[in-house]
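Chemist:
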Amino acid sequence: MKKASSKHVRVAFVVALFILLSVFSFISASGNQPLFYAKLIWSLVVSYLGLCIYRRGSISRYRSILFILIAFFFFLEFKFFRCLSFGKTIPPYCHIAQAPTLFNFVHSQFLAITSGQWRVWGVLTLGFFWLLIMFTIGQGICSWVCFYGGLDESCSKIIKKPLIKLKIPYPWRDFPIAFLVFLLILSFLQGLPVFCNWFCPLKLTTAFWDKEPIIRFSQVTFFLLFLVVFIILLPALSKKRTFCSLICPFGALVSICGKASPYRVTIDKEKCTLCGKCYDMCPVFAIERQKSDEYKITSYCNKCGKCIDTCPVDAINIVVSNNLAAIPFFKQTKWQIEIRDIFIFLSLLMTGVMSGSFVPRAILQLIGIK
Ligand code: SF4
Ligand code: SF4
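Using my numbering, the first residue of the sequence shown is number 199, and each one after it goes up by one.
(1) Compare the C-alpha of isoleucine 362 against each of Glu536, Pro298, Met479, Cys446 and name the closest.
(2) Quick one: what's threonine 464 bridged to in DSSP?
(3) Can you tell me where the beta strand (DSSP E) with glutamate 486 in it begins and where it stops?
(4) Evaluate the contact criterion for the region 507 to 514 versus the region 444 to 461: three or more CB pairs, one atom per stretch, below 8 angstroms.
(5) Can you check the region 402 to 436 for any alpha helix (DSSP H) of at least 4 residues that lies completely inside it and give the ranges in chain order?
(6) Tell me, please, whether the region 549 to 567 touches the region 267 to 275 by the rule of three or more beta-carbon pairs shorter than 8 angstroms.
(7) Excluding the 5 residues preceding and the 5 following leucine 233 in the sequence, name in chain order all residues of the same chain whose CB lies nearer than 8 angstroms to its CB.
(8) Could you round the C-beta distance between proline 399 and isoleucine 429 to whole angstroms and report it? I think they count as a contact, below 8 angstroms.
(9) Under 7 angstroms, CB to any heavy atom of ligand 2. Which residues pass, going along the chain?
(10) Apart from the five residues just before and just after isoleucine 375, which ones in its own chain have a Cβ nearer than 8 angstroms to its Cβ?
(11) Give me, in chain order, the residues of the same chain whose beta-carbon lies closer than 6 angstroms to that of leucine 432; leave out the 5 immediate sequence neighbours on both sides.
(12) Mind pulling the alpha helix (DSSP H) runs of 4 or more residues that sit fully within the region 223 to 262?
(13) Hey, would you say the C-beta of valine 517 is under 7 angstroms away from at least one heavy atom of ligand 1?
(14) For ligand 1, any of its heavy atoms closer than 7 angstroms to the Cβ of isoleucine 465?
(15) Is phenylalanine 301 near leucine 384, with beta carbons less than 8 angstroms apart?
(16) Start and end of the alpha helix (DSSP H) containing lysine 475?
(17) I'd like to check one pair, isoleucine 537 with isoleucine 516: are the Cβ atoms closer than 8 angstroms?
(18) When you measure from the CB of isoleucine 511 to every non-hydrogen atom of ligand 1, does any distance come out below 7 angstroms?
(19) With a 10 Å radius around its C-beta and 16 neighbouring C-beta atoms as the bar for buried, classify aspartate 408 as buried or exposed.
(20) Report buried or exposed for tyrosine 493, applying the criterion of at least 16 other Cβ atoms within 10 angstroms of its Cβ.
(21) Hey, could you find the ends of the beta strand (DSSP E) isoleucine 495 is sitting in?
(22) Let me check you understand the geometry: is the CB of glycine 474 closer than 7 angstroms to at least one non-hydrogen atom of ligand 1?
(23) Between leucine 378 and serine 545, what straight-line distance do the alpha-carbon atoms span, to the nearest angstrom?
(24) Quick check: the Cα distance between proline 360 and lysine 437, rounded to an integer number of angstroms?
(25) Excluding the five sequence neighbours on either side, which residues of its own chain have a C-beta within less than 8 angstroms of the C-beta of lysine 501, listed in chain order?
(26) Quick one: give me the first and last residue of the alpha helix (DSSP H) that glycine 336 is part of.
(27) I'd like the list of long-range same chain contacts for valine 213, defined as Cβ closer than 6 angstroms, with 5 residues on each side in sequence excluded.
(28) Tell me the rounded alpha-carbon separation between arginine 414 and tryptophan 396.
(29) With H, G and I counted as helix, E and B as strand and the rest as coil, what does DSSP make of phenylalanine 556?
(30) What did DSSP end up calling alanine 295 once you bin it into helix, strand or coil?
Next up, the structure:
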């Protein structure tokens with residue numbers, strides 16, 4: 199596989215050191231001595247993977263390792279250890295649930311303000327953190343920060359070459375937005391989290407099951423169906439992230455709000471030879487083949503870097519939109535720092551900080567320190 203441009207070893211080390219210091223200073227604020235060292239180890243892991251990205255110029259491979267590690271530790275800490283009653287930790291605020299219940303959430307905040315119950319605003323703070331990430335790296339959340347996305351990504355790595363070629367006719371790529379609108383309306387009318395009650399496979403491990411046996415059976419059937427088809431089977435056979443790209447309502451929300459982020463993945467038409475490799479490799483169906491046989495990267499792009507690593511003529515890159523490109527900060531410097539490098543730094547920083555809230559604890563539990 200062809201690699202994107204790599205950095206001089208000195209530059210790569212300096213950027214990796216900067217990632218280490220930034221992530222560690224954000225996550226080391228509290229905790230006992232073992233937790234302090236676990237946080238240091240996790241910051242080192244994140245910065246080492248950053249070093250590999252900058253030094254070797256391969257974005258997707260090392261991003262993917264980090265992404266899958268986060269999902270693994272998330273399930274270890276909040277599902278496996280909790281089931282075994284090792285840990286009593288509360289899972290982080292679920293951003294997937296946040297998207298389809300946005301109307302309910304705004305409504306409850308309105309009630310909280312008008313009734314004087316300001317403490318309810320506590321949850322909103324976490325919502326703001328996700329908003330900050332959304333406006334910074336946009337849909338990059340779905341391939342860097344999200345602690346669930348590593349599930350279908352890890353299944354998509356099981357085999358080397360796809361056994362089925364999954365193509366989605368372009369209008370169907372908009373399905374998650376229609377699904378999000380449906381969920382928003384139904385959740386608001388029912389006053390219930392409809393996605394959590396019926397469609398989220400992750401609820402197999404938590405208490406979202408109804409007391410009525412028939413409804414309970416139907417819920418489990420739906421959860422299992424979504425788990426087996428969209429998270430395990432289709433990703434394993436096609437190497438595409440089918441749950442994230444065809445179902446996830448949070449992904450749909452980010453594809454709209456993420457347009458506020460300055461970063462875009464674009465194809466240089468002058469360089470492109472129309473080989474179609476990026477179109478075949480994109481794991482989330484974000485590249486559209488146009489009538490003119492040209493390829494266009496759409497707003498569903500997760501900025502995973504796979505097409506950048508794949509393109510044989512270096513025609514794809516991460517750039518900033520509109521007039522931002524004219525600002526000196528975004529121009530290439532003598533230190534070879536490009537826009538792509540700034541995006542990768544921000545993504546690693548946010549991923550490190552977010553995962554730093556649970557991965558170090560999971561590492562300690564794994565080696566028997568509570
Ligand atoms: S992989 Fe590169 S050259 Fe091939 S179609 Fe995509 S952008 Fe063009
Ligand atoms: S278009 Fe490229 S960067 Fe965007 S999701 Fe697809 S492969 Fe990843």
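Cβ atoms here follow ideal geometry from the backbone N, Cα and C, with glycine treated the same way.
Modeler: According to the structure data:
(1) Walking along the sequence shown from the start, residue 362 turns up at place 164. Among Glu536, Pro298, Met479, Cys446, the Cα nearest to that of isoleucine 362 is on Met479.
(2) The count along the sequence shown starts at 1 and reaches residue 464 at position 266. Threonine 464 is bridged to Asn515.
(3) Mapped onto the sequence shown, residue 486 falls at position 288. Here the beta strand (DSSP E) through glutamate 486 covers 485 to 487.
(4) Segment contact: the region 507 to 514 against the region 444 to 461, fewer than three CB-CB distances shorter than 8 angstroms; contact not assigned.
(5) Within the region 402 to 436, the complete alpha helix (DSSP H) segments of 4 residues or longer fall at 411 to 424, 432 to 436, listed in chain order.
(6) yes
(7) Locating residue 233 in the sequence shown gives position 35, counting from the first residue. Closer than 8 angstroms at the Cβ level, and outside the excluded window around leucine 233, lie Pro558, Arg559, Leu562.
(8) For this step, residue 399 is matched to residue 201 along the sequence shown. For this step, residue 429 is matched to residue 231 along the sequence shown. 6 angstroms between Cβ atoms; contact.
(9) Ser341, Val463, Cys476, Met479, Cys480, Pro481, Val482, Ala484, Ile485, Ile495, Cys499, Asn500, Lys501, Cys502, Gly503, Lys504, Cys505, Ile506, Ile514
(10) One-based indexing of the sequence shown puts residue 375 at position 177. Contacts found: Ala450, Ser453, Ile454.
(11) Walking along the sequence shown from the start, residue 432 turns up at place 234. Hits under 6 angstroms: Thr440.
(12) 231 to 254
(13) As a first step, residue 517 must be located in the sequence shown, where it is residue number 319. Flag unset: Cβ of valine 517 not near ligand 1.
(14) Working through the sequence shown from its first residue, we reach residue 465 at position 267. Checking the Cβ of isoleucine 465 against ligand 1 gives yes.
(15) Along the sequence shown, read from residue 1 onward, the residue named residue 301 stands at position 103. Along the sequence shown, read from residue 1 onward, the residue named residue 384 stands at position 186. No, the Cβ-Cβ distance between phenylalanine 301 and leucine 384 is not below 8 angstroms.
(16) Here residue 475 refers to the residue found at position 277 when the sequence shown is read from its first residue. Lysine 475: member of the alpha helix (DSSP H) spanning 475 to 479, first to last residue.
(17) In the sequence shown, residue 516 corresponds to position 318, counting from 1. In the sequence shown, residue 537 corresponds to position 339, counting from 1. Closer than 8 angstroms, so yes.
(18) On the sequence shown, residue 511 is found 313 positions in, with the first residue counted as 1. The residue you asked about is not isoleucine; residue 511 is valine in the sequence shown. Yes - ligand 1 has a heavy atom lying nearer than 7 angstroms to the Cβ of valine 511.
(19) Along the sequence shown, read from residue 1 onward, the residue named residue 408 stands at position 210. Exposed: under 16 other Cβ atoms inside 10 Å.
(20) For the purposes of this step, residue 493 is identified with residue 295 of the sequence shown, where counting begins at 1. Taking all protein chains shown into account, tyrosine 493 has 16 or more neighbouring C-beta atoms within 10 Å of its C-beta and is therefore buried.
(21) Working through the sequence shown from its first residue, we reach residue 495 at position 297. Unbroken beta strand (DSSP E) run through isoleucine 495: 493 to 495.
(22) Counted from its first residue, the sequence shown places residue 474 at position 276. Correct: glycine 474 has its Cβ closer than 7 angstroms to ligand 1.
(23) As a working note, residue 378 is residue 180 in the sequence shown. As a working note, residue 545 is residue 347 in the sequence shown. Their backbone Cα atoms lie some 25 angstroms apart in a straight line.
(24) Here residue 360 refers to the residue found at position 162 of the sequence shown. Here residue 437 refers to the residue found at position 239 of the sequence shown. So the two alpha carbons sit approximately 6 angstroms from each other.
(25) Taking the sequence shown and counting its residues from 1, the one referred to as residue 501 is at position 303. Taken in chain order, the residues that qualify are Ile335, Gly336, Gln337, Gly338, Ser341, Trp342, Tyr461, Val463, Ile516, Phe541, Ser545.
(26) Numbered from its first residue, the sequence shown carries residue 336 at position 138. Segment: none, glycine 336 is in no alpha helix (DSSP H) and carries neither H nor E.
(27) Indexing the sequence shown from 1 puts residue 213 at position 15. Within the same chain, valine 213 has close Cβ partners Tyr252.
(28) Taking the first residue of the sequence shown as 1, we reach residue 414 at position 216. Taking the first residue of the sequence shown as 1, we reach residue 396 at position 198. In a straight line, the C-alpha of arginine 414 is about 10 angstroms away from that of tryptophan 396.
(29) Position 358 of the sequence shown, counting from 1, holds the residue named residue 556. DSSP places phenylalanine 556 in coil when its eight states are reduced to three.
(30) Along the sequence shown, one-based indexing puts residue 295 at 97. Alanine 295: helix per DSSP, three-state reduction.
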